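Q: Residue numbers (the working numbering): 485 to 1011. Idealized CB from N, CA, C, for every residue including glycine. Since the model is a prediction, treat every value here as computed from it, not as a measurement.
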């Protein structure tokens, strides 16, 4: 079973796409111990007395606190905020329900700060899409105590899926942008720098707001790139001379401004940024260009662009929440574009060397390896969700999952990498489960942007040396094949791991650590 859901009304239809079981109405006496995750989904009670409604909402918090005390800290509890979907307020100065709702919701966020397994979903984000008359179908309420209109069940489940992806730190990595009639009105090559519409009166003010919104998305760790049919000299001149343009060259991690087929350009961007095509979203006002990408590269998300500039705010809201929502931001997210630009400098330097070791030493690479803590655990979980190519098992975990492993005695190591060009942040992870004198390496992974400099070998050797110093004798590990991790199929063999079992998709290994000689490379500085 996937979810056990605590509820106070009939809501089964809203979770029909999930494996779920449900409590009785306002019943917290039973907590299913086999559930993978729990949900607290209480709706505002429908009563005739507003003071009774307010009292019941406050009581729900007491029930929730009792429930939290009985749920294992290693399992996620998803809690919905509460909203007043129906009441009659003939005493206009009466704020009882409003104050109760405020108390309820603020308490949820306080509880989430105290318990890292609690994740709060703002239900207002969904309800605000509908009028008050759309929220309730009174026939279903009186027949089956279903307060929410069953017609909302499908859009609710789409919205809920987006929220789960946010909690699991799954989102698209890169937003690729056309320029003409997408980031500004008009065609630069025809209208000129002063003729394009950006800022000032409509429609320029709509494009200005759109650029400002995209800029904020970039600050939240979304990689921004350009794929546009223009002369790059014209675009750079516009960036330099038109002060109304918000998104300048420094906002973008990569540019494909030329007259090459856009599908080829997008594939080239994926290679340059070293990310998967399925992690990209492409925005273009031209329907034929969109159709080309949909057909040629179906992995790339290509939403329909609005036909009028005044539709841009709602369009941006929809794509931002659908593709780029995330529950928590990490320090690595906040410096994503900067990190990709620094990678370009590293690649440029690499071309000047003929000896790989000389190149690596010239970078002055510093490796910081430490056990995960309350601050870095979110980033560690994020890496398990997002890393595909250099990932030996592709196991996906939330921060709650990792907290549970730590409570069971596991050691989880993070790798941070910096060099003379900049700080890449936490870009490596190793999860070790301990059993007596034996270690099971559950996960070993590195971000693609630090590969190509031998760091993966240095990280593994450090892990082996550390485990040996801790007096562990044997290591078990495995490789689980996926569609994207073929490059690491023989990674463990490089370190003397012996294959003890092999099938088409899984290889199991064993390493005699007690007799293993481990040397750390002097190409790196270890912290």
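(1) Going by other Cβ atoms of all chains shown within 10 Å of its Cβ, with 16 needed for buried, is residue 705 buried or exposed?
(2) Would DSSP call residue 906 helix, strand or coil?
(3) I want to see whether chain C comes within less than 7 angstroms of residue 867, judged by CB atoms only; does it?
(4) Under a three-way DSSP split, which group does residue 682 fall into?
(5) Is it true that the CB of residue 883 sits closer than 7 angstroms to the CB of residue 861?
(6) Between 665, 801, 679 and 685, which has its C-alpha nearest residue 771's C-alpha?
(7) Taking the alpha-carbon of residue 903 as reference, which of 646, 649 and 1008 has the nearest alpha-carbon?
(8) Buried or exposed: where does residue 910 fall if 16 or more other Cβ atoms within 10 Å of its Cβ makes it buried?
(9) Tell me which same chain residues have a C-beta within less than 7 angstroms of the C-beta of residue 873, skipping the five on either side of it?
(10) What does DSSP give as the partner residues of residue 491 in its beta bridges?
(11) Would you call residue 524 buried or exposed, if buried means 16 or more other Cβ atoms sit within 10 Å of its Cβ?
(12) Give the C-beta separation of residue 603 and residue 574 to the nearest angstrom, bearing in mind that I take them to be a contact with Cβ-Cβ under 8 angstroms.
(13) For residue 637, I'd like the list of residues in its chain whose CB is within less than 8 angstroms of its CB, leaving aside the five on either flank, ordered along the chain.
(14) Might you give, ordered along the chain, the residues of its own chain that have their beta carbon closer than 7 angstroms to the beta carbon of residue 892, omitting 5 neighbours on each side?
(15) Is the separation between the beta-carbon of residue 867 and that of residue 813 shorter than 7 angstroms?
(16) Where DSSP assigns a beta bridge to residue 990, which residues make up the other side?
(17) Output yes or no for whether 7 angstroms exceeds the beta carbon distance between residue 533 and residue 571.
(18) So within the region 691-757, which uninterrupted alpha helix (DSSP H) runs reach at least 4 residues, ignoring any that extend past its ends?
(19) Check whether the Cβ atoms of residue 683 and residue 728 sit closer than 7 angstroms, and answer yes or no.
(20) Can you give the Cα-Cα distance for residue 905 and residue 780, rounded to whole angstroms?
(21) With H, G and I counted as helix, E and B as strand and the rest as coil, what does DSSP make of residue 848?
(22) Report the partner residues of residue 659 according to the DSSP bridge assignment.
(23) Assuming residue 927 contacts residue 600 (C-beta within less than 8 angstroms), just tell me the rounded distance between them.
(24) Relative to the C-alpha of residue 713, which residue among 769, 688 and 678 is closest?
(25) List the DSSP bridge partners of residue 504.
(26) Using DSSP bridges, identify the partner residues of residue 916.
A: Working from what's here:
(1) buried
(2) When secondary structure is reduced to three states using DSSP, residue 906 falls in the strand class.
(3) Of the protein chains in the structure, only one exists, and it is not chain C.
(4) coil
(5) Less than 7 angstroms separates the beta-carbon of residue 861 from that of residue 883.
(6) 665
(7) Sorting 646, 649 and 1008 by C-alpha distance to the C-alpha of residue 903 places 1008 at the top.
(8) buried
(9) 932, 968, 969 and 971
(10) BP columns for residue 491 point to 509 and 525.
(11) buried
(12) Actually they do not touch by this definition, with Cβ atoms about 38 angstroms apart.
(13) Taken in chain order, the residues that qualify are 497, 498 and 500.
(14) Nothing meets the Cβ criterion.
(15) no
(16) 964
(17) At the C-beta level, residue 533 and residue 571 stay beyond 7 angstroms of one another.
(18) 716-725 and 746-757
(19) yes
(20) When rounded, the distance between both Cα atoms is 36 angstroms.
(21) Note: residue 848 maps to coil in three-state DSSP.
(22) 708 and 765
(23) Not confirmed; about 20 angstroms, so no contact.
(24) Relative to residue 713, the option among 769, 688 and 678 whose CA is nearest is 769.
(25) Beta-bridge pairing links residue 504 to 487.
(26) 895 and 925
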